[in-house]
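*Asks:* Structure in structure tokens, see below.
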Amino acid sequence: MSFSQRLELWPEGRIRNLIQQATFEDVTRALTRERLTGEDLAALLSPAASSRLEEMAQAALSQTRRYFGRVIGLYAPIYLSNVCTSDCIYCGYAKRSGSPGLRLTLKPAEIHTECRLLAEYGFQNILLLTGDAPHIAPPRYLVEAVDLAREYFSSVSVEVYALDQEDYRQLVAAGLEGVTLYMETYHRDTYSRVHLCGRKRDYEYRLGAIERAGRAGARRLGIGALLGLYDWQVDGFWTALHARYLQRECWQSAISVSFPRLKVSTPRFTVPHLLTDREFVQLMLATRLFLPEAGINLSTREPADLRNGLIPLGVTMISAGSSTRPGGYSQDRANILEQFATVDNRTPAEVTEAIRRAGYEPVWKDFDKAFHDNVLPIARSPVHGDSACAPHQ
Ligand code: SF4
């Protein structure tokens with residue numbers, strides 16, 4: 113069964129009913145169960161759980177220590193290009209965003225410079241990003257960028273437009289370790305309302321992309337919903353469901369979930385479903401308890417105080433010192449278009465210090481080893497389901 117078919121088993125009405133009808137006892141059951149069901153997840157996302165965040169936090173802390181120990185991985189994004197032919201109304205890179213700023217695509221020498229600077233900071237885990245413009249940054253450009261980045265970093269991932277399985281396979285052959293691809297929203301009507309044109313309008317193609325990446329051999333798969341586009345409880349539920357599906361179907365890959373949150377409206381876009389900090393935390397805790405063996409990533413979209421507070425509660429990866437401009441680490445040029453403004457603008461050194469103060473070890477190098485020495489075998493075994501998603505090639 114594809115994930116698209118699986119989603120049909122969990123229509124919005126069913127999820128909303130479960131959330132609205134969840135009782136104190138349902139939450140208690142979810143907090144004590146070893147492996148949570150969809151009904152348990154709905155209970156943890158419900159109003160009945162919102163007054164029990166402290167209990168959820170204790171359980172999340174215990175699960176995270178059990179599976180990940182006391183290490184927090186560090187990563188940084190490198191934006192390769194801000195050219196985009198799609199028009200997602202929430203994004204600064206959208207072709208009709210109206211955002212001022214220079215659009216450019218890094219040349220190999222410029223990618224080298226960005227990589228060298230981040231490697232000098234100590235980063236070993238890098239995420240390469242582009243807009244959706246295959247005529248400017250085609251798969252062969254991505255292959256070259258991955259190959260080049262591997263000269264500097266032990267772990268290279270991409271967050272780019274959705275690709276065919278063969279394209280992912282070529283990236284993996286060049287040394288790619290991970291693929292991050294957010295569905296943005298799983299709610300079909302909202303999806304078509306906010307993605308006005310371009311290839312990204314194809315909901316089904318995007319929905320299947322991360323599984324294609326897993327089948328092509330990517331060892332890390334990251335997903336997420338852009339919180340604020342639709343109801344956080346419903347999109348949060350579907351995101352967690354997707355992660356569990358991938359754990360079963362692509363069991364050789366480590367699955368992680370991110371929680372990018374929209375907060376700022378623009379002249380052409382008002383965030384329709386703003387989340388409070390409390391709702392944001394509830395969603396993260398519920399996801400941690402439903403997916404104890406999944407990584408949880410937190411980006412610099414969130415403020416330093418909130419990021420510090422969330423470190424013990426389920427986060428496993430954190431970005432630091434991020435720039436969302438191509439060439440942003442080496443070029444002091446505020447006139448280059450950025451995708452969004454980062455909120456936590458601490459330096460990598462300040463972030464690592466905060467991680468240490470929280471009693472955790474920041475991990476720059478041998479990231480994989482540090483995690484996997486702590487992760488129980490369950491995280492990489494097919495015990496949750498039937499078929500393994502062994503790479504087809
Ligand atoms: S979200 Fe991605 S595809 Fe959409 S406009 Fe921004 S860069 Fe382009």
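Counting in the working numbering, the sequence shown runs without a single skipped number right up to 505 at its last residue. From the three backbone atoms N, C-alpha and C, an ideal C-beta is built for every residue, glycine too.
(1) Taking 6 Å as the cut-off, is the CB of Y472 close to at least one heavy atom of the ligand SF4?
(2) Reducing DSSP to helix, strand and coil, say where L214 ends up.
(3) Rounded to a whole number of angstroms, what is the C-alpha to C-alpha distance between L319 and Q175?
(4) Grouping DSSP H, G and I as helix and E and B as strand, with all else coil, what is R208?
(5) For R305, which option in L283, L341, R324, D276 has the closest C-alpha, if you only look at C-alpha atoms?
(6) Between the alpha carbons of L422 and V393, how many angstroms are there, rounded?
(7) Please give me, in chain order, every unbroken run of the beta strand (DSSP E) with length at least 3 that falls completely inside the stretch 316–360.
(8) Please list, in chain order, all residues with a C-beta atom less than 5 Å from at least one heavy atom of the ligand SF4.
(9) Note down the Cα distance separating E391 from R373, rounded to an integer number of angstroms.
(10) Buried or exposed, going by whether 16 or more other CB atoms sit within 10 Å of the CB of E405?
(11) Rounded to a whole number of angstroms, what is the C-alpha to C-alpha distance between L157 and F402?
(12) How many whole angstroms separate the CB atoms of H307 and S377, which I take to be in contact at a CB cut-off of 8 Å?
(13) Measure the beta-carbon distance from A330 to G287 and round it to whole angstroms, keeping in mind my assumption that it falls under 8 Å.
(14) Beta-carbon within less than 7 Å of D456's beta-carbon, same chain only, minus the 5 sequence neighbours each way: which residues are those?
(15) What is the residue span of the beta strand (DSSP E) that L240 lies within?
(16) Since L293 and I335 should fall inside the 8 Å C-beta cutoff, what is the C-beta to C-beta distance between them, to a whole number of angstroms?
(17) In the structure shown, what three-state DSSP assignment does F402 receive?
(18) Which same chain residues end up closer than 6 Å to D343 when comparing Cβ atoms and leaving out the 5 residues on each side of it in sequence?
(19) Taking the DSSP output, what are the residues bridged to I190?
(20) Buried or exposed: which applies to A491, given that a residue is buried once 16 or more other Cβ atoms fall within 10 Å of its Cβ?
(21) Going by the CB atoms, is the gap between A328 and R400 shorter than 7 Å?
(22) Could you check what DSSP says for C200 in three-state terms: helix, strand or coil?
(23) For S116, which of helix, strand or coil comes out of DSSP?
(24) Given that a residue counts as buried once 16 or more other Cβ atoms are within 10 Å of its Cβ, and exposed if not, what is P460?
(25) So, with DSSP's three-state summary, where would you put L422?
(26) Among the candidates T217, Y264, I131, A261, whose CA atom is the shortest distance from the CA of I248?
(27) Ordered along the chain, which non-local residues of its own chain (more than five positions away) have a Cβ less than 7 Å from that of W476?
(28) What are the partner residues of E296, as DSSP defines its beta bridges?
(29) Based on the DSSP secondary-structure assignment, which residues constitute the bridge partners of R373?
(30) I'd like the ranges of any alpha helix (DSSP H) spanning at least 4 consecutive residues and lying wholly in the stretch 135–195.
(31) What residues match up with L410 in a beta bridge as DSSP calls it?
(32) What separation, rounded to the nearest whole angstrom, lies between the Cα atoms of R468 and S431?
(33) Quick check: L254 and N447, are their CB atoms within less than 7 Å of each other?
(34) Do you know how far the Cα of L395 is from the Cα of L338?
*Replies:* The short version:
(1) No, Cβ of Y472 sits at least 6 Å from all heavy atoms of the ligand SF4.
(2) Strand.
(3) So the two alpha carbons sit approximately 29 Å from each other.
(4) When DSSP states are grouped into helix, strand and coil, R208 belongs to the coil group.
(5) Scanning L283, L341, R324, D276 for the CA closest to the CA of R305 turns up L341.
(6) Their Cα atoms are separated by approximately 8 Å.
(7) Here the runs fully enclosed are 332–336.
(8) This selection yields C196, S198, C200, C203, Y205, A206, G243, D244, K312.
(9) Straight-line Cα distance between these residues: approximately 11 Å.
(10) Classification of E405: buried, given that the 10 Å Cβ count is 16 or more.
(11) L157 and F402 have their alpha carbons spaced roughly 11 Å apart.
(12) 18 Å between Cβ atoms; not a contact.
(13) With a Cβ gap of about 11 Å, A330 and G287 do not count as contacting.
(14) Once the five neighbours on either side are set aside, the close Cβ partners of D456 are T412, E414, P415, A416, R419.
(15) It spans 237–241 - the beta strand (DSSP E) in which L240 sits, taken as one unbroken run.
(16) Rounded, the Cβ-Cβ distance is 7 Å, consistent with contact.
(17) DSSP, read as helix, strand or coil, puts F402 in helix.
(18) Result list for D343: H385, in chain order.
(19) Looking at the DSSP output, I190 shares a beta bridge with L240.
(20) Its pLDDT being 42, under 50, A491 is placed unreliably by the model, and the measurement read from it follows with that caveat. Residue environment analysis places A491 among the buried positions, since at least 16 neighbouring C-beta atoms fall within 10 angstroms of its C-beta.
(21) The Cβ-Cβ distance between R400 and A328 does not fall below 7 Å.
(22) Looking at C200 - three-state DSSP - the assignment turns out to be strand.
(23) Assigned with DSSP and collapsed to three states, S116 falls in helix.
(24) Of the other Cβ atoms in all chains shown, 16 or more fall within 10 Å of the Cβ of P460; this residue is therefore buried.
(25) Collapsing the DSSP output to three states places L422 in a helix.
(26) Selection T217, Y264, I131, A261 evaluated against I248 yields T217 as nearest (Cα-Cα).
(27) In the same chain as W476, and ignoring 5 residues on each side of it, the C-beta atoms closer than 7 Å to its own belong to L186, G234, F235, Q236, in chain order.
(28) Residue pairing for E296: DSSP places it in a beta bridge opposite A337.
(29) Beta-bridge pairing links R373 to L339.
(30) Counting only runs that start and end inside the stretch 135–195, the alpha helix (DSSP H) elements of at least 4 residues fall at 136–144, 150–156, 159–162, 165–180.
(31) Bridge partners of L410: I430.
(32) Going from the Cα of R468 to the Cα of S431 covers about 15 Å.
(33) Annotated as distal: L254 and N447, with beta-carbon spacing of 7 Å or more.
(34) Roughly 13 Å between the two C-alpha positions.
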